[in-house]
Each structure stands twice: as structure tokens, then as C-alpha cells.
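Start counting the sequence shown at 1; every next residue gets the next number (the numbering used here).
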Amino acid sequence: MTENATSDRTSPPTVFVLFGATGDLARRMVLPAFFQLAQHGLLPPDWRLVGSGRGERSDEDFVDHVRGALEEFGPSPDDGPWDEFATRLRFAGGGFTVEDPGALLDAVSAARDDLGEEAQLVHYLSLPPKAFLDYTRALGEHGLAEGSRVVYEKPYGASPDGFRELDEVVHSVFDEQQVFRIDHFLGKEGTQDLHVLRFANGLFEHVWSREHVAQVQIDVPEDLDVADRADFYDGTGATLDMLVTHLFQVAAEVAMEPPVSFAADDILAARESVLAAFRPLAPEDVVLGQFEGYRDLDGVPDDSTTDTFVAARLFIDSGRWRGVPFLLRTGKRMAAKEQRVSLVLHRPKGPVNDVPANGNVISLSLAGAGAVDIDVMAKRPGPDLAMAPARVSLDLSKIPGGDPLPPYVSLIHDVLTGDRSLFTTSEGLAQTWRALQPVLDDRPEVHPYEPDSWGPAEATALAGEHGWLLGQTE
Numbered sequence: 001m002t003e004n005a006t007s008d009r010t011s012p013p014t015v016f017v018l019f020g021a022t023g024d025l026a027r028r029m030v031l032p033a034f035f036q037l038a039q040h041g042l043l044p045p046d047w048r049l050v051g052s053g054r055g056e057r058s059d060e061d062f063v064d065h066v067r068g069a070l071e072e073f074g075p076s077p078d079d080g081p082w083d084e085f086a087t088r089l090r091f092a093g094g095g096f097t098v099e100d101p102g103a104l105l106d107a108v109s110a111a112r113d114d115l116g117e118e119a120q121l122v123h124y125l126s127l128p129p130k131a132f133l134d135y136t137r138a139l140g141e142h143g144l145a146e147g148s149r150v151v152y153e154k155p156y157g158a159s160p161d162g163f164r165e166l167d168e169v170v171h172s173v174f175d176e177q178q179v180f181r182i183d184h185f186l187g188k189e190g191t192q193d194l195h196v197l198r199f200a201n202g203l204f205e206h207v208w209s210r211e212h213v214a215q216v217q218i219d220v221p222e223d224l225d226v227a228d229r230a231d232f233y234d235g236t237g238a239t240l241d242m243l244v245t246h247l248f249q250v251a252a253e254v255a256m257e258p259p260v261s262f263a264a265d266d267i268l269a270a271r272e273s274v275l276a277a278f279r280p281l282a283p284e285d286v287v288l289g290q291f292e293g294y295r296d297l298d299g300v301p302d303d304s305t306t307d308t309f310v311a312a313r314l315f316i317d318s319g320r321w322r323g324v325p326f327l328l329r330t331g332k333r334m335a336a337k338e339q340r341v342s343l344v345l346h347r348p349k350g351p352v353n354d355v356p357a358n359g360n361v362i363s364l365s366l367a368g369a370g371a372v373d374i375d376v377m378a379k380r381p382g383p384d385l386a387m388a389p390a391r392v393s394l395d396l397s398k399i400p401g402g403d404p405l406p407p408y409v410s411l412i413h414d415v416l417t418g419d420r421s422l423f424t425t426s427e428g429l430a431q432t433w434r435a436l437q438p439v440l441d442d443r444p445e446v447h448p449y450e451p452d453s454w455g456p457a458e459a460t461a462l463a464g465e466h467g468w469l470l471g472q473t474e
């Protein structure tokens, strides 16, 4: 596919400034995503990508760096419009601080000379979160904030106080409409399909409430450890890395009221409304764990109490969901890797009184392009009226004409077009920290668990009679 085969022609020429352009996140995620946008023809008609870093290197050296990243992490530069893509890459060295902008101002000015002064400016902070404050202040100091967009990676603050400090600085430089806070779970095809599945199908629309749903499970076990980023992870843990970010946001996607429309502002308003209805977590409804051997990893103190596992029972005080437990679980070194949302339906009322607790389940996989599984009870073929569990599955990647985009590709495209519907807001994040505050004030005990297990046994009780659909009932 040629670069501009299906470009969004409404997007103006764009200068995309990538801070931390030679760092690990940019190399693994952002640069490959940008090249995939070129492959799909989803970049603006004219653009420049300006990499910013502390070191000095020529544009040609940066082009070689980007090619190396694509050769290592894909897609291969030979499978797309590499020659055209490479001509648009620039590098500005010398760092970027309040006191010294390095070469960035000259590089942006040169890009605007090429594209026109009206070219939109997008800043992507592919940086350690501790650098967000200084870089935000520097963007304001050097006149690069007005009229631009800015992208922040998670975590956007690692504590309620850290969140408030960062948010105050960001809003002193940018208007909220300029700010794009990435949570890549919201960019997943499967997460986005929640909207269509629920609102475009009466089969699901009419059961999406407490009258029909006994329990919701949002389960994201991971089988990998954290050896490659133990220093970062030990200061964060599963609760801050996953629960207050990804899992809370997915819970809000599941639980939100129908938006007025699918316009970005209406979706954001619906998500914020349900986040405000999150009941603060009771410490007794949270189980923390740490896998055996975690303290042996390089960079982890011998007495670390960092949680590598968290399970929580969340309640949402809205008319639709009052009394329905939302069970959220994630952890490292668990028995399998999954990303699944499941709605366990109430047992049906009527003459069939021996339906098992988990006989009727609507389940969505968030991995890849997504999938929908529906567990039902059916008659077992034969002379007797005997029941048996059955499953109906739909692999969304097999829908004709589909062209699924990885989360980072989808989200960067939305930044370029100004669509904020899949991004978190300041108010929404404030509500997630409010919901987590009791657990931070009275942190539960951290229980050990065996690697390749389903986590500490103490989490079993949270799921009640239904059990965890992954692990306990397999």
C-alpha cells in the first residue's frame, strides 16, 4: 500500500515531535506504530517527524536508528514505503530543558518552513514519567505549546499527590482539549468493539444491567515477569501499573450509560460519569500478591513488598449496576496470558432449575482484534432431555474487510486527527484516584503465590459462588 492511498485528507500538514526518540519505548512502540500508519495510508498528506534527544546525531544517523528499530520490532522497512518515509525524519539533539531548548526550535522552524506555518504541532512525550513536569514547563517556556497537541504516556502520576501536581503544571501550559493521555487498553480493537457489540445489538443491549448480570469479571493475567524493568516496576506494582489505569478504564467502558452519540465529547462524558459513580474500594475487597522469586530479580530489594498481583471487587453506584460486583484481576507470572471481559448472567427463572452458576456468560477477549464467546446451556443430543454447556464464538479478525490496527497505531492516528474519545481525561483520572484512596491509606497484606499459578488463594473468595472464570472454573 502506498503511503497516501487512504490518508485522511482533512488532517493538515503535521510536525510530530518525538521526545525520547532514541529511548526504549519509542524504539519498541512509537516508531513502529508511526511506520504502520504510513503503511495503512493514515498519515497526513505531508508531515515531518522530529526526534528529540540529549545526544547529538545527524538526520542520517537518526534514519539509521529508525530503520534498526523497525528491523528489530517490525514492521520491516522493506514491507512499506520506507524510502518516502525516511525523507521525512529529522533529529534535534542537545536535550530540551527550560533553560536550553537544544536544537529543537531550529528543527521545528525548519519543518514549518517546509510544510507551512499553519502546520499543526504534535508533541509525544515518550519519556520516563518523572520527566513530564520539566518537559511540560519547557514546552511552555519556549513557545511550543500554543495551538499544539501533547501526548503523555502512563502513568500520569504515580500517586494522588503526584497526579495533582502534574495535572496542575499541565493545565498551566495547555488547555485540556490539547492533552492526550494514552491508555493503550482503550485503543484495543476488542475494547472499542464493546461499543458496537452493546449498542448495535438488541441481544446484548437488553441484558446489559443488574437485572440480568450477576457479576462482571475483567481479568488480565500475564505469564511474564518483570526482569527487564524491575527497577521501574518495584516503585509501582500491579495496583498502580494496571488497576488504577487499564482495569478501571475498561470497567468504565463496560459500565457507562449510552452516550448521546459516538462523538468524542459524548463518549468522554459517559465514561467520566460512570467513573464518578465508582464506590471507593474497601481494603477488605482487595487482595495483593507477590510471586515467589520476585525479590531475587536484579534491582528488587530483598525486603520488597511490591505487589505483582492485585484482585479487587469494585462496586458502581449507578441505577444500572448497583449491587453488581465488578471483579478486576491482574498479575505477573500467572498460569496464562489473557485479556478478557466477562458478564456472568443470572440463572434463568422458570422450569429449568439446575442451570449451573456460570451456565450463561457473555465474554469478550480484548487480545488482538478481539473475539466474542457466548456460553449457553443446550440439549445434549440423544433420547434424554439432558443439558450440556456449549459455546458460540466469533473471531472478530475474520470479519470480511477487517483491517485491525494495534492499539498504539490506532491511538496515534486519533491524536493526529484530534479524536479524544479513547483518551483519559483529567477529571476521569481524579475519580480513579478517589476510588483507590482507601487502599492507599490502609494497604492490604501482600500474600505470596507460586509462579505459573492463578495468584494467592486469598483472592478466591472475592469471586463468590461463580469463582474466577479463568483458573477456578476451567
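Ideal placement from N, C-alpha and C gives every residue a C-beta, glycine not left out.
Item: Start and end residues, beta strand (DSSP E) containing tyrosine 449; Value: 446 to 449
Item: Three-way DSSP call (helix, strand, coil) for glycine 471 in this model; Value: coil
Item: Burial state of lysine 154, where buried means 16 or more other Cβ atoms lie within 10 Å; Value: buried
Item: For isoleucine 362, the first and last residue of its enclosing beta strand (DSSP E); Value: 361 to 365
Item: Pairwise C-alpha distance: proline 81 and proline 13; Value: 18 Å
Item: Buried or exposed by the 16-neighbour rule on C-beta atoms within 10 Å, applied to leucine 224; Value: exposed
Item: Boundaries (first-last residue) of the alpha helix (DSSP H) holding leucine 416; Value: 407 to 417
Item: Local conformation of aspartate 225 per DSSP, three classes; Value: coil
Item: Beta bridge counterpart(s) of arginine 316 as assigned by DSSP; Value: Contrary to the premise, residue 316 reads as isoleucine rather than arginine in this sequence. Answer by DSSP bridge pairing, in chain order: Phe278.
Item: Best match in Arg333, Val361 and Lys332 for proximity to histidine 476 [C-alpha to C-alpha]; Value: Outside the displayed span of the chain (1 to 474) sits residue 476, for which this structure offers no information.
Item: Coarse secondary structure for isoleucine 218, derived from DSSP in three states; Value: strand
Item: Residue span of the beta strand (DSSP E) that contains tyrosine 124, given as start and end; Value: 120 to 125
Item: The segment 429 to 437 / the segment 278 to 289 touching (three or more Cβ pairs under 8 Å); Value: yes
Item: CB of alanine 103 within 7 Å of CB of glycine 95, strictly; Value: no
Item: Beta strand (DSSP E) runs wholly inside the segment 75 to 143, at least 3 long, in chain order; Value: 89 to 92 and 120 to 125
Item: Contact the segment 153 to 171 vs the segment 120 to 140: 3+ CB pairs below 8 Å; Value: yes
Item: Rounded C-alpha distance that separates methionine 377 from alanine 335; Value: 27 Å
Item: Inside the segment 153 to 208 only - alpha helix (DSSP H) runs reaching at least 4 residues; Value: 160 to 173, 189 to 199 and 202 to 205
Item: Inter-residue Cα distance where the pair is valine 409 and phenylalanine 423; Value: 14 Å
Item: Three-way DSSP call (helix, strand, coil) for glycine 254 in this model; Value: Looking at the sequence shown, residue 254 is not glycine but valine. Three-state result, valine 254: helix.
Item: For threonine 330: DSSP bridge partner residues; Value: Val220 and Val310
Item: CB contact flag (alanine 367, glutamine 339, <7 Å); Value: yes
Item: Which listed residue (His123, Trp454, Phe232 and Glu211) has its alpha carbon closest to that of glutamine 178; Value: His123
Item: Secondary structure of serine 7, DSSP reduced to three states; Value: Low confidence applies to serine 7: its pLDDT is 39, below 50, so where it sits in the model is not reliable enough to give any reading.
Item: Sequence-distant residues of the same chain with beta carbon closer than 8 Å to leucine 454, five excluded per side; Value: It should be pointed out that residue 454 corresponds to tryptophan in this sequence rather than to leucine. Correct list, in chain order: Pro221, Met334, Ala335, Trp468, Leu470, Gly471 and Gln472.
Item: DSSP bridge partner residues for threonine 14 (one or two, in chain order); Value: Trp47 and Gln120
Item: Own chain residues within Cβ distance below 8 Å of proline 481, not counting five before or after; Value: Past the boundaries of the shown model lies residue 481; the chain is included only from 1 to 474, so the question cannot be answered.
Item: DSSP-derived helix/strand/coil call for leucine 288; Value: strand
Item: According to DSSP, residues forming a beta bridge with threonine 22; Value: Its beta-bridge partners do not exist; DSSP assigns none.
Item: Range of the contiguous beta strand (DSSP E) that encloses proline 389; Value: 387 to 395
Item: Contact under 7 Å by Cβ, valine 150 with phenylalanine 174; Value: yes
Item: Buried versus exposed, by CB contacts within 10 Å (16 or more), threonine 245; Value: buried
Item: Collapsed DSSP secondary structure at lysine 398 in the structure displayed; Value: helix
Item: Presumed contact (8 Å Cβ cut-off) between proline 404 and glutamate 189, rounded CB distance; Value: 5 Å
Item: Cβ neighbours of valine 274 in the same chain (closer than 6 Å, five flanking residues each side left out); Value: Ala252, Ala255 and Met256
Item: Which listed residue (Asp452, Leu89 and Asn353) has its alpha carbon closest to that of phenylalanine 291; Value: Asp452
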